[in-house]
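Asks:
In the working numbering, the protein residues as written are 30 to 84.
1. Quick one: grab the DSSP three-state call for residue 38.
2. Helix or strand or just coil, what does DSSP make of residue 66?
3. Kindly indicate which residue of 31, 36 and 41 has the alpha-carbon position closest to the one of residue 66.
4. Of the choices 55, 61, 73 and 57, whose alpha-carbon is the least far from that of residue 45?
In structure tokens:
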């Protein structure tokens with residue numbers, strides 16, 4: 030679980046493609062360091078529509 034604006038960093042092998050998103054967590058950036066990759070995810074920020082519904 031991440032709070033709004035929180036970050037999740039996953040280290041993985043360079044040949045493994047990370048998913049673009051998990052439920053409300055979205056891939057923001059990837060960086061390569063030798064054979065390792067770091068994938069940076071951020072928690073989606075909940076917003077409300079004009080009617081007050083979460084979107």
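In this text, a Cβ means the ideal position worked out from N, Cα and C, and glycines have one as well.
Replies: Quick look at the numbers:
1. Correct three-state label for residue 38: strand.
2. DSSP places residue 66 in the strand class (E or B) of the three-state scheme.
3. Taking only the C-alpha atoms, the option nearest residue 66 is 41.
4. Answer by Cα proximity: 61.
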